[in-house]
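> Quick one: this structure, given as structure tokens, is what I'll be asking you about.
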Amino acid sequence: EEIASKSPLAIWGSKEMITYSRDHSTSDSLNYIATWQSGMFQPGDMKEAFQAKAENRPPEFEDLLSLNRGLEEGI
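With the sequence shown counted from 1, adding 1227 to any position gets you our numbering.
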């Protein structure tokens, strides 16, 4: 439940970083993580997380688009 309450993009990204890091050097992994974070940072998710905490409620994040749906719609 705790993990499921987090931003879907953050969860997906964490899994990607763990998988990448498993098969690459520490230096390569840190560079990859820094690049990924700079491109995928979602200010809306951060705002919602902080606002929910301030209001003492669980955050409500939007679901990620499925890859197939995005490709079909030309996104």
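C-beta: ideal position from N, C-alpha, C; glycine also. Only a predicted model underlies this, so the values are computations on that prediction, with no experimental measurement involved.
I need the boundaries of the alpha helix (DSSP H) containing ALA1261, first residue and last residue.
Residues 1253-1267.
> Quick one: Cα of GLU1275 to Cα of SER1234, how far?
Straight-line Cα distance between these residues: approximately 9 Å.
> Could you pull out every residue in the same chain whose Cβ sits closer than 8 Å to the Cβ of MET1244, ignoring the five residues on either side in sequence?
Closer than 8 Å at Cβ, skipping near neighbours: SER1256, TYR1259, ILE1260 and TRP1263.
> Rounded to a whole number of angstroms, what is the C-alpha to C-alpha distance between ASP1272 and GLY1266?
Going from the Cα of ASP1272 to the Cα of GLY1266 covers about 14 Å.
> Can you grab the Cα-Cα spacing for the pair PHE1288 / PRO1270, in whole Å?
Each residue's Cα considered, the two are about 12 Å apart.
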